[in-house]
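Under my numbering, the residue at position 110 of the sequence shown is numbered 135, and the numbers go up by one with no gaps.
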Amino acid sequence: ILGVPGSTAEDKKRVHLRAGIPDDRWFEPDQIAIFTERVQEFVREHIINETDGSQRDFNMGYIVHVLTDKCNHRFICPKVLKKANEMGLGFADYCNMCVNDLEALDVYLLEKYPELGELLDELISTKAEYGLSGWIEKEHVSSAMWWVSNKYLPGIKNRKIKYITMADIEEFVPYSVEKILEELIVYVGNSQMQSPY
26 ILGVPGSTAE
36 DKKRVHLRAG
46 IPDDRWFEPD
56 QIAIFTERVQ
66 EFVREHIINE
76 TDGSQRDFNM
86 GYIVHVLTDK
96 CNHRFICPKV
106 LKKANEMGLG
116 FADYCNMCVN
126 DLEALDVYLL
136 EKYPELGELL
146 DELISTKAEY
156 GLSGWIEKEH
166 VSSAMWWVSN
176 KYLPGIKNRK
186 IKYITMADIE
196 EFVPYSVEKI
206 LEELIVYVGN
216 SQMQSPY
């Protein structure tokens, strides 16, 4: 987990609600059922039952991140896996290919939509006021924001997309928005979903 000293890949999987779910089996029916149940439990405990509105907003952002990962694994990763199979590469190579194109996707979106970069700059220059006990503590949010600004963004600035296409990227954004909204309306209810626009 970003900002947490000594954290491991298993820690990251836990806070992304995927502990014990193998990467290559995530979308098998029994595994996705486990993940879906965890999402529903998180929404009940940390969104529906959260009485502090600002903390609820933070928690909503947290679950949107997790659901965006799900969209990525449903939409982008199969395209990269197909390329890896065509090239005769194994799972470790496929993972590296995904990392490259996901980092390049961030570069592309920040370049195409300058307002995203402005919002990101504003967020990472603001003192962290919230965390989520047992998931990511407030001080770890601060550390993660420092890491994004000082390590991640400088490290990916020259990253180029290799395995997906611009059309894939343009399709991914509305696909993710639609799928995440659909899920959240089911879990949270239409009355509690407020558009930020």
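No residue lacks a Cβ here, since even glycine has one placed at the ideal position from N, Cα and C. Values in this document were obtained by computation on a predicted structure and should not be read as measured data.
Secondary structure note for W172: its alpha helix (DSSP H) is the uninterrupted segment 163-172.
Between the C-alpha atoms of W51 and A153 there is a straight-line separation of about 32 Å. For L114, the three-state secondary structure derived from DSSP is coil. For the region 128-161, the full-length alpha helix (DSSP H) segments reaching 4 residues or more read 139-149 along the chain.
In terms of Cβ geometry, I189 and V124 do not form a close pair [threshold 8 Å]. Going by beta carbons, S174 and I205 fall outside the 8 Å limit. Per DSSP, the unbroken alpha helix (DSSP H) holding F67 starts and ends at 54-68. Here DSSP, grouped into helix, strand and coil, assigns S201 to helix. In the pairwise beta carbon analysis, the region 162-176 is classified as not touching the region 108-123: fewer than three pairs are separated by under 8 Å. Contact between A129 and K185 holds: CB atoms are separated by about 6 Å, below the 8 Å threshold. Counting only residues of its own chain and dropping the five nearest sequence neighbours on each side, F83 has a CB closer than 6 Å to the CB of Y155. Annotation for R63: L42 place their beta carbon closer than 7 Å to its own, counting only its chain and skipping 5 residues before and after. In the structure shown, H41 adopts coil according to DSSP, grouped into three states.
For P47, no alpha helix (DSSP H) segment is defined, and its DSSP state is neither H nor E. A direct Cα-to-Cα measurement between A34 and G142 gives close to 28 Å.
With a cutoff of 8 Å on beta-carbon distance, F60 and I72 are scored as not near each other. Taking all protein chains in view, the Cβ of L144 is surrounded by fewer than 16 other Cβ atoms within 10 Å, so the residue is classified as exposed.
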